[in-house]
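Here is the structure we will look at, set down as structure tokens.
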Ligand code: FES
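Given below as structure tokens:
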């Protein structure tokens with residue numbers, strides 16, 4: 001049975017279907033397409049090149065390679081643009097626009113005539129947005145990532161964005177290096193096309209897409225500039241064509257089991273905290289829910305096997321050379337659901353039964369010699385985080401896992417930047433820095449959870465402190481940092497009750513974060529805050545119109561992926 005509808009798919013409504021198709025075909029002819037090509041099945045290619053997205057610099061050649069694969073497999077490629085999100089070019093934060101990109105992509109897949117689609121993304125929020133869109137649009141889809149950057153060099157040392165950006169900036173703040181050197185390093189951190197060179201959010205999400213089954217096996221870690229990346233692009237085009245005759249819809253690929261496999265891989269990779277938010281958003285589109293308790297079970301059972309920055313030593317190019325996602329999955333095969341399937345229709349168990357050529361053991365450890373016996377991330381709960389918070393234990397200082405400290409509170413981002421380096425700030429190394437009003441509703445949940453060490457302490461040699469917020473943290477950052485506190489302050493979460501000088505107890509062994517203030521006093525403070533709020537939400541006046549107003553009305557908390565309430569499945 002022929003399944004493709006090509007240009008007759010979803011006709012524009014003029015009240016005469018034959019005329020609609022006639023008009024569409026004649027307009028398509030104006031693009032120089034022959035009538036034989038017009039009769040072919042159509043593969044849409046979502047292109048996200050942008051002058052504001054360095055990570056997608058190689059988009060033109062990726063689009064060309066996907067098109068080549070589509071044509072060679074007998075279908076017609078049609079490239080279409082969607083918005084693109086370049087992490088460092090967006091204000092106030094790219095996170096606010098992930099859902100806009102997901103809506104744009106879903107609507108353009110649904111509204112335009114395509115039998116299958118290849119989605120090309122890479123930078124942090126783009127792959128999550130495209131996978132959310134694919135899950136909701138229900139059209140056969142293949143995710144292709146732009147691939148990670150290769151490393152640069154500085155005085156004999158390898159550098160990769162963006163862990164080394166933070167490391168050298170920290171040295172500059174601590175006056176360990178001069179202005180001249182930091183300026184020199186600026187041009188050596190991000191030297192090729194592609195996404196950040198470490199196991200940050202973009203790399204974690206590329207690996208998530210592969211283990212979910214939405215990207216081709218073996219494709220996640222191929223460097224952006226490697227010839228194999230173009231071969232993967234060509235094969236993604238071919239696979240999309242095959243999905244037209246033998247459709248496998250995203251909801252057959254993204255299932256409870258494949259989502260659990262993805263959470264497990266994130267643990268083994270010691271992946272980004274942001275990936276938890278994005279994976280919850282993708283899963284939520286199909287009604288799949290992951291509880292903090294299940295997350296912790298998975299984390300406690302799954303060793304960290306991958307030695308990459310920001311936690312370890314290697315870069316993504318090393319990960320690819322060492323065997324990539326396939327090598328890690330073989331090590332944790334006994335923990336995986338093996339009956340999930342990918343876009344090629346192959347079951348995970350069958351894929352992993354194939355022998356692997358070689359594994360670089362300096363980067364991908366065997367399960368009996370892990371980097372850490374437990375996973376990189378844990379969910380916390382407590383009286384200031386009843387719906388959960390996230391802690392990246394793999395990137396934290398172990399001596400700070402069980403502490404009680406005095407809270408030094410910042411009321412928002414502006415307060416933080418105004419006072420953090422004030423020499424008069426009353427702060428000691430064993431205090432706990434608290435940032436409020438940086439959650440999804442208050443501020444679009446920026447990557448502000450990596451609060452800088454106050455200058456007077458960093459100059460005195462303090463490298464890490466406990467830091468707590470309702471914000472996120474860059475996947476390339478590190479430190480003893482509690483994030484994603486939910487519910488956030490702006491929706492009246494009990495985190496808002498924390499005051500300067502209070503004691504906070506963090507226990508990673510118990511997976512708790514508690515404000516040591518008695519229940520009655522806490523309730524008194526919360527009532528006082530509630531009575532002082534005249535309107536919900538914390539966003540400023542400019543956020544009262546357009547997309548930002550929609551965002552403010554509809555965004556959910558971190559455990560639900562910060563998706564919009566009306567987009568979840
Ligand atoms: Fe795009 Fe890091 S800035 S992946």
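Numbering (this note's numbering), first residue to last: 1 to 569.
Idealized CB from N, CA, C, for every residue including glycine.
Nothing here was measured: the structure is a model prediction, and the numbers come from that model.
Q. Taking 8 Å as the cut-off, is the CB of residue 164 close to at least one heavy atom of ligand 1?
A. The nearest non-hydrogen atom of ligand 1 is 8 Å or more from the C-beta of residue 164.
**Q.** Limits of the beta strand (DSSP E) - the one that residue 153 falls within
**A.** Residue 153: member of the beta strand (DSSP E) spanning 152-154, first to last residue.
(Q) In this structure, how does DSSP classify residue 467 when only helix, strand and coil are distinguished? (A) Looking at residue 467 - three-state DSSP - the assignment turns out to be strand.
Q) When DSSP builds the beta bridges, which residues end up paired with residue 308? A) Under DSSP, residue 308 takes part in a beta bridge, and its partners are 314.
Q: Please name the residue, chosen from 233, 335, 248 and 186, that lies closest to residue 570 on a Cα-to-Cα basis.
A: No answer is possible for residue 570: it lies beyond the span of the chain, which begins at 1 and ends at 569.
Q) Per the contact definition of three or more C-beta pairs closer than 8 Å, is the segment 20-39 in contact with the segment 202-210? A) Counting Cβ pairs under 8 Å, fewer than three are found: no touch.
Q | Cα-Cα separation between residue 1 and residue 246, rounded to whole angstroms | A | Unreliable positioning characterises residue 1 in this predicted model, as indicated by a pLDDT of 40, which lies under 50. The coordinate reading is nonetheless provided below. Using only the alpha carbons, I get a separation of about 10 Å.
Q) According to the neighbour-count rule (16 or more other Cβ atoms, all chains shown, within 10 Å of its Cβ), is residue 503 buried or exposed? A) Exposed, since its Cβ has fewer than 16 Cβ neighbours within 10 Å.
Q: May I ask you to list the residues that DSSP assigns as paired with residue 143?
A: According to DSSP, which records beta bridges pairwise, residue 143 is partnered with 119.
Q: Return the chain-ordered list of same chain residues with a C-beta closer than 7 Å to the C-beta of residue 161, the five sequence neighbours on each side being excluded.
A: Here the set comprises 149, 189, 190, 196 and 197.
Q. In whole angstroms, what is the alpha-carbon distance linking residue 563 and residue 549?
A. Straight-line Cα distance between these residues: approximately 15 Å.
Q | Residues near residue 262 in its chain [Cβ-Cβ closer than 6 Å; skip 5 each side] | A | Around residue 262: 208, 211, 212 and 279.
Q: Compute every distance between the C-beta of residue 91 and the non-hydrogen atoms of ligand 3, then say whether any falls below 8 Å.
A: Among the ligands in the structure shown, ligand 3 does not appear; only ligand 1 can be found there.
Q. Can you name, in chain order, every residue of its own chain whose Cβ lies under 6 Å from the Cβ of residue 579, other than the five neighbours on each side?
A. Since the first residue shown for the chain is 1 and the last is 569, residue 579 is missing from the structure and cannot be characterised.
Q | Contact between the segment 436-448 and the segment 513-529 (3+ Cβ pairs under 8 Å) | A | Put simply, the segment 436-448 does not touch the segment 513-529. Fewer than three CB pairs are less than 8 Å apart.
**Q.** Whole-angstrom distance between residue 256 and residue 274, CA atom to CA atom
**A.** Rounded to whole angstroms, residue 274 to residue 256 spans 19 Å at the Cα level.
(Q) Output needed for residue 133: all residues of its chain with C-beta closer than 7 Å, excluding positions within five of it in sequence on either side, in chain order. (A) 102, 105, 106 and 109.
Q) Excluding five sequence neighbours on each side, which residues of the same chain lie with their C-beta closer than 7 Å to the C-beta of residue 571? A) Outside the shown range of the chain (1 to 569) lies residue 571, about which nothing can therefore be said.
**Q.** residue 501: CB within 8 Å of a non-hydrogen atom of ligand 1
**A.** The answer is no for residue 501.
Q | Closest residue to residue 374 among 347, 313, 306 and 337 (Cα-Cα distance) | A | Nearest option by C-alpha distance: 306.
Q) On the three-state DSSP scale, how would you describe residue 552? A) Residue state, collapsed to three classes: helix.
Q. In terms of residues, what are the limits of the alpha helix (DSSP H) holding residue 170?
A. Per DSSP, residue 170 belongs to the alpha helix (DSSP H) from 163-173.
(Q) Using C-beta distances below 8 Å, list every residue in its chain close to residue 337, excluding the 5 sequence neighbours before and after it, in chain order. (A) If we look at residue 337 and ignore the five residues flanking it on each side, its Cβ neighbours are 257, 258, 260, 261 and 348.
Q) At what residues does the alpha helix (DSSP H) containing residue 620 begin and finish? A) Given a span of 1 to 569 for the chain in the structure shown, any question on residue 620 remains unanswerable.
Q: Identify which residue in 471, 320, 250 and 532 has its Cα closest to the Cα of residue 224.
A: For residue 224, the nearest C-alpha among the options comes from 320.
Q: Could you work out which residue in 113, 56 and 51 is closest to residue 78 when comparing CA atoms only?
A: Among 113, 56 and 51, the Cα nearest to that of residue 78 belongs to 113.
Q.
Please return the same chain residues whose Cβ sits closer than 6 Å to the Cβ of residue 220, not counting the five positions on each side in sequence.
A. Beyond the five residues adjoining it in sequence on each side, residue 220 comes within less than 6 Å, by CB distance, of 206, 207, 210 and 325 in the same chain, given in chain order.
Q) Is residue 239 closer than 9 Å to residue 344 when the C-beta atoms are compared? A) For residue 344 and residue 239, yes; Cβs fall inside 9 Å.
Q) Mapping DSSP to helix, strand and coil, what is residue 356? A) It is coil, neither helix nor strand.
Q) Sorry if obvious, but does the Cβ on residue 396 come closer than 8 Å to a heavy atom of ligand 1? A) No, since every heavy atom of ligand 1 falls outside the 8 Å radius drawn around the Cβ of residue 396.
Q: Identify whether residue 238 lies in helix, strand or coil by the three-state DSSP scheme.
A: Residue state for residue 238 is assigned as helix, using DSSP reduced to three classes.
Q) DSSP three-state call for residue 232: helix, strand or coil? A) Helix at residue 232.
Q: Please classify residue 348: does DSSP put it in a helix, a strand, or coil?
A: In this structure, DSSP gives residue 348 a helical state, which the three-state scheme calls helix.
**Q.** Which listed residue (424, 164 and 454) has its alpha carbon closest to that of residue 431
**A.** Ranked by how close their Cα comes to the Cα of residue 431, the residues 424, 164 and 454 have 454 in first place.
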